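Residue numbers (my numbering): -1 to 329. For every residue, glycine included, the Cβ atom is placed at its ideal position computed from N, Cα and C. Here the structure is a predicted model, which means the values were calculated and not measured. See structure below.
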Amino acid sequence: MVPPRPTIRDIARAAGVSPTAVSFALNNRPGVSEDTRERIIAIAQELGFTPSSAARALSRSRAGAVGLVVGRAARDFAEERFFFHFIVGVERALARRGLSFVFHAASSEDDELATYATWWSERRVDGVILLDARENDPRPALLAHHSIPTVVAGEKLGYGAAVVSDEEGLISTVIDHLASIGTARVGYVSGPAHLAHTQRRLAAFTELTARAGMVGLSLPAEDYTQEAGRAAVGELAGVDAMIFDNEILALGGMRRMTEAGLDIPADVAVISLEDSHLCGVMVPPITAVRRDPADFGEHCADLMVEVLAGHEVADRREGVPEIIERASTIR
């Protein structure tokens, strides 16, 4: 015989609180403390409570879900670890609060804009996380027009709350490391130039290399592929250190350099601004900046929960990640 499905009253009895408090906790509404909310959610999970999404939507006029649209080529998801881990972090944090995660890979900017409008008109999401802020970005205006609760990952834009990444601190840490090993001329293969975080990194790179007395040469890659890394290296000759925006660009760039007879790190030191298992297994292993995209995703989702609960929220700022030194910069 199938046991009866647990109810809100069952959870209230186990937690020693009122059914109203359970409802507030499970629906992410204000009225209970954070400790009580976490305890109620844990008990609900132990009891196997699964609320009806349809009933919840009817009672709260909410979908109980947060959306994320990513407008990147499919190969970016296949090769780059950032997106997978970021998405895992978002989903993990939302699941702790009883919220669902809705994801869409957009084929174009128009597709992305239409998805937000459709999600909102059909009440499929209660808010969205905005990723890859870019130059002349049309998305904040659309989201503001529909009054869609928004958290922006990485940047502070004109609409929504934000979890701001410290791109300037990131570049400063890398330049300091290169200065410590006697770098005179450094090249930087950045991400695509239209992305807001790329623009911040490039501006910091120009300023900080000059301040350190280095010659700094930079070139935005067309995308985050090995081919783009190979092509960019061919344009940045005569440097004694190379910075790559991620490990995939670094992989392509290093192959181009070794094919040209350059020794790494004797001739050219190499740093990746993203770490992964690839950095550890390359020959030589690549010095890289270590940060956890899953933590970043969790931070964005946590802020979204606060926004949806109607709390007054302030933008949050990520810390500066650490450098993991490997053979590619040890001379």
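Check this for me: beta carbons of residue i and residue j, under 8 Å apart or not?
i	j	result
Phe101	Phe294	no
Arg288	Pro319	yes
Arg122	Ala63	yes
Ala42	Ile9	yes
Ser270	Ala286	yes
Leu306	Asp124	yes
Ile241	Val184	yes
Ala219	Asp243	yes
Thr34	Ala12	no
Ala177	Ala208	no
Val15	Ile38	yes
Ser326	Val268	yes
Glu323	Ile284	no
Leu66	Pro4	no
Glu133	His192	yes
Leu215	Ile169	no
Leu247	Ala226	yes
In terms of residues, what are the limits of the alpha helix (DSSP H) holding residue i?
i	result
Ser21	17 to 24
Ile41	32 to 45
Leu345	Residue 345 is absent from the model: the chain starts at -1 and stops at 329.
Leu97	Segment: none, Leu97 is in no alpha helix (DSSP H) and carries neither H nor E.
Thr196	194 to 209
Ala248	245 to 257
Gly308	From DSSP, Gly308 is part of no alpha helix (DSSP H); its letter is neither H nor E.
Val281	Unbroken run through Val281: none, as it is neither H nor E.
Gly232	224 to 233
Pro136	First-last for Pro136: undefined, no H or E at that position.
Ala12	6 to 13
As a quick exercise: from the options, pick the residue whose alpha carbon is nearest that of residue i.
i	options	result
Gly87	Ala299, Arg314, His192, Gln224	Ala299
Thr223	Pro190, Thr204, Leu215	Pro190
Leu140	Ala219, Gly236, Glu110	Glu110
Leu363	Ala229, Ile322, Ser216, Tyr157	As displayed, the chain neither begins before -1 nor continues past 329, which places residue 363 out of reach and without an answer.
Leu155	Ala115, Asp135, Ile146	Asp135
If you follow the beta strand (DSSP E) that residue i is part of, which residue opens it and which one closes it?
i	result
Arg288	285 to 288
Val68	63 to 68
Excluding sequence positions up to five away, which residues of its chain have a Cβ less than 6 Å from the Cβ of residue i?
i	result
Ser57	Note on Ser57: pLDDT 46, under 50, position unreliable in the model; no value is reported.
Gly69	Ala104, Glu110
Val0	Residue placement at Val0 cannot be trusted, given a pLDDT of 47 that sits under 50; what the coordinates show is reported in the next sentence. For Val0, where only same-chain residues beyond five positions count, there are no Cβ hits under 6 Å.
Ordered along the chain, which non-local residues of its own chain (more than five positions away) have a Cβ less than 8 Å from that of residue i?
i	result
Val161	Val149, Val150, Ala151, Gly152, Phe294, His297, Cys298, Leu301, Asp313, Arg314, Arg315, Glu316
Met212	Ile173, Leu176, Ala177, Thr181, Ala182, Arg183, Val184
So if DSSP puts residue i in a beta bridge, which residue, or which two residues, is it bridged to?
i	result
Ser188	Pro218
Met240	Gly185, Val268
Ala325	Partner(s): none; Ala325 has no beta bridge.
Thr148	Val126
Arg314	Val161
Glu320	Arg288
Val213	Arg183
Please go through the same chain and pick out, in chain order, the residues whose beta-carbon is closer than 7 Å to the beta-carbon of residue i, but skip the five residues on each side of it.
i	result
Glu165	His195, Arg198, Arg199, Ala202
Ala55	For Ala55, the predicted structure reports a pLDDT of 43, less than 50, and the residue's modelled location is therefore unreliable. A value from the coordinates is still provided. Around Ala55: Ala61, Gly62, Arg121.
Val266	Val237, Asp238, Ala239, Met240, Met255, Leu260
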